[in-house]
Amino acid sequence: MGITIWKEKLFILRTEHTMYVMERDRRGILRHVYWGSPAGIEEDFESLPEENRENGYHPYVDRVMEEYSSFGAGHYKETALKLEYHDGTKDFRYRITDYKAENNTLSIRLDDSSYPCGVTLIYEIFEKEDIIRRQVQIQNKGDSPILLERIHSAQFGLPGTDYRSVNFNGSWAAEFRRSEDTLSSGKKVYESLRGNTGHVANPCFILHRNATEETGDVYFGLLAYSGNFKVVAEATPYEYTNVLIGMSDTDFAWELDPGKTLSTPSVYCGYTAGGLGAMSQSLHRFERNYLMPGPFAGKELPVLYNSWYATYFDVQCEEQMKLAEKAASLGVELFVVDDGWFGTRQDDTKGLGDWYVDSGKFPDGLSRLVNHVKSLGMRFGIWIEPEMVNPDSELYRTHPDWVYRFENRKILQGRNQYVLDLTREDVADFMIETLDKLLSQQEISYIKWDMNRSITETGICGDGTVAGKQIWLRHMNNFYRVVKEIRTRHPDVEFEACASGGARVDLGAMQYFHEYWPSDNTDPFDRLFIQNGYSLLYPPKYMRAWVTDVPEGPTSRKAPLGFALHTAMCGSLGIGNNLNRLEETELALIREQISVYKRIRPVIQFGDLYRLKNHEDNCFWAVQYVKDGRSVIFAFLTQSRFGKNRWRIKAAGLQGDGLYQVCLPGGSVRKSGAFLMNFGLEIRLSGDYDSCMILIEQEA
Ligand code: DGJ
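The sequence shown lines up with residues 8 to 707 when you count with the working numbering.
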């Protein structure tokens, strides 16, 4: 394992189960050679034939897999970098001038042979998790600015074409709808131009060859960035697939001033021969071990109650206090008041930006409710949407120049709101001070940070200066600055990333937030699809999942409460029902399942996840979690059909020679790990929306 630089020519990265090889070829190009399972020793790669692929029609640089390519100079494929020097020269022609391996990081320096501009490619390996972090830094060493028009975080070359490309084709309330296409020719592009990650696609690539959950080659990479992104997978005519991932280059530019360096967001990537399941397990492990921020990374997330679906904007102190009493009696640990507690907020047309407590709804201030929640043994949390403002608000009336706009046009609204111009330092400071004040005045230990519209009309900053195409990145830099600062000032507060549901689920957000709200759709049937897609990339702990009242808002479905509880227990459990309206029997069921959840929570939140069965099999789903000899399986039948009421499912992740107590709905049995993983367990479910939970515990 580790990094090897062999004879100043080969660069080899080794993790526990993977190997990544690059070479400086005879022309000085950093060529991609291999990515896959460990494939031999240095000498094996030393004398690979270097074909003379040049011909008059197809330049060499287009025909080889490059580690990082620049527009121009014979590149007609999608390239990683596009820049323009002060004299109009538009390509970056490099020499490898330096490289070093330090601890687990390899840096390779590419310098333009005629201009004072250097690009450093960074590769950091995480050996046990089989993950490589890639990042690029570009430095202007001259005395004229350099215009950057595209700078991807990483480029990959995969041998052959016809890969299956997995991403999502989602929308609001239908996030993580898995989609798959074959890449035989041309380019497949996944992109967000919304100023956030968006509901539609995720900033990642997953490319495989006939992989199943358990088998097959899978290449994957995730961008740690919450702004506009672009993923391109290009099936070239030269028997390789060219993959790029980074910030979107649409309406993007960055003027790199003399002496300055720009670092791209990181990409976390990997290869597995073990199918999509192994990809998810390695990603989840890595995210748990390295990305989740303190102090909650190693702690169990609380069971929360959120009153949004119970009261919407009609937040009244007395009613919230009653809800809190009921929630506490069920075993809830964190009580959250959502939108509607501030300013003149009666609906979504006004109040955003006025972050003071509505004295009509809270005549004695927020502290009465906060103290009540605390006296009931729960923590208190609140909703906020700091990046936005309603035109009908004091904030907008005072600072009409604080929003993105074009001077000669009517500003577009989304959910009746405008986006604050976060490129302005005074706006960023306002956000920091607002959040700081809110968190300092009350004992608030959780923030649900929402963002309910996409960004438009960028170009002229609110202060009248033209930042042009730099706005997108400047906005994101300040967004991260604000979150970082507020997290530093209030390190013990838990932060949830929400953006009209799941429009901010990405590894950029994971570096600062402790959990995501993956969708406004809490219908447990739809959630099975959403959770399945989500789990490809992100861990269950980060996924807030609530049980809510029926009929469900987006679908009008009336699934049974038990089914909804089991679905929500697959992530970090939350309750969103109007508890004041539930029957005693329903409250009792919720109470019972919360207490079950607390017992299995370490396994769900810190265990490995296996998607045992997806819906393709007769509406039957099963998902398993395993941690330290303990395991939980949830099985779901969404629609019954005659003769389809029993399934044999093979457990995963157990020790073959271990003995396990298996607690099934009908009683307990004792089985070996080998039996459970190879013969399997029979699960019987019947009727529509039936579900069950199976506990598996290894004997000491
Ligand atoms: C959108 C979020 O996704 C919801 O959960 C809720 O917080 C509303 N915004 C509040 O306006």
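Built from N, CA and C at the ideal position, the CB exists for glycine as well.
Local conformation of residue i per DSSP, three classes
i: residue 294; result: helix
i: residue 541; result: helix
i: residue 680; result: helix
i: residue 160; result: strand
i: residue 517; result: helix
i: residue 573; result: helix
i: residue 638; result: strand
i: residue 5; result: Because the chain is modelled from 8 through 707, residue 5 falls outside the range shown and cannot be assessed.
i: residue 154; result: strand
i: residue 363; result: coil
i: residue 275; result: strand
i: residue 13; result: strand
i: residue 213; result: strand
i: residue 580; result: strand
i: residue 404; result: helix
Per DSSP, cross-strand counterpart(s) of residue i
i: residue 92; result: Per DSSP, none; premise fails for residue 92.
i: residue 166; result: 247
i: residue 270; result: 144
i: residue 343; result: 313 and 388
i: residue 254; result: 236
i: residue 133; result: 138
i: residue 704; result: 637 and 668
i: residue 395; result: 426
i: residue 263; result: 153
i: residue 629; result: 620 and 642
i: residue 506; result: 509
i: residue 174; result: 186
i: residue 357; result: 399
i: residue 455; result: 390 and 503
i: residue 463; result: Note: residue 463 sits in no beta bridge, so no partner.
i: residue 654; result: 690
i: residue 77; result: 88
Per-residue burial, residue i [other beta carbons within 10 Å of its own, 16 or more giving buried]
i: residue 721; result: Since the first residue of the chain shown is 8 and the last is 707, residue 721 is not available in this structure.
i: residue 610; result: buried
i: residue 620; result: buried
i: residue 656; result: buried
i: residue 379; result: buried
i: residue 325; result: exposed
i: residue 528; result: buried
i: residue 434; result: buried
i: residue 264; result: exposed
i: residue 676; result: exposed
i: residue 319; result: exposed
i: residue 382; result: exposed
i: residue 138; result: buried
Cβ pair residue i, residue j closer than 9 angstroms
i: residue 584; j: residue 316; result: yes
i: residue 338; j: residue 281; result: no
i: residue 274; j: residue 330; result: no
i: residue 393; j: residue 262; result: no
i: residue 410; j: residue 396; result: yes
i: residue 661; j: residue 680; result: yes
i: residue 246; j: residue 189; result: no
i: residue 452; j: residue 499; result: yes
i: residue 183; j: residue 632; result: no
i: residue 186; j: residue 196; result: no
i: residue 364; j: residue 345; result: no
i: residue 643; j: residue 234; result: no
Pick from the options that is closest to residue i, judged by C-alpha positions
i: residue 134; options: 252, 293 and 76; result: 293
i: residue 506; options: 459, 364, 464 and 556; result: 459
i: residue 734; options: 175, 92, 64 and 549; result: In the structure as shown, the chain starts at 8 and stops at 707, and residue 734 therefore has no counterpart that could be examined.
i: residue 674; options: 681, 652 and 699; result: 699
i: residue 299; options: 477, 374, 404 and 515; result: 515
i: residue 637; options: 666, 654 and 652; result: 666
i: residue 455; options: 417, 521 and 436; result: 521
i: residue 554; options: 494, 669, 543 and 567; result: 567
i: residue 68; options: 90, 99, 50 and 46; result: 99
i: residue 178; options: 461, 344, 244 and 115; result: 461
i: residue 227; options: 233, 234, 588 and 213; result: 213
i: residue 687; options: 629, 644, 648 and 697; result: 629
i: residue 7; options: 559, 497 and 577; result: Outside the modelled stretch of the chain, which goes from 8 to 707, sits residue 7, for which no answer is possible.
i: residue 598; options: 209, 613, 485 and 572; result: 572
i: residue 481; options: 28, 9, 221 and 254; result: 254
Proximity test, residue i beta-carbon vs the ligand NAD heavy atom, cut-off 8 angstroms
i: residue 459; result: Although the ligand NAD was asked about, the structure shown includes only the ligand DGJ as ligands.
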